[in-house]
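First up is the structure itself, then whatever we jot down about it.
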Amino acid sequence: MGNEFFWAGLASVLVIFYLTYTLLYPEKF
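Convert by adding 1 to the 1-based position in the sequence shown; the result is the number in our numbering.
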């Protein structure tokens, strides 16, 4: 079973990308 590691990594990457995007483009929110 390695799915929980895959989903945890994917979720962390999405969160980091979202935070970076909101910091770079705050005028869109």
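C-beta: ideal position from N, C-alpha, C; glycine also.
Exercise for the section: With DSSP as the reference, label Y19 as helix, strand or coil. Expected result: In the displayed model, Y19 falls within a helix according to three-state DSSP.
Handout entry: Straight-line gap, Y22 to W8 (C-alpha atoms, nearest Å)
Key = If you take the alpha carbons of Y22 and W8, they lie about 21 Å apart.
Handout entry: G10, DSSP secondary structure in three states
Key = Helix.
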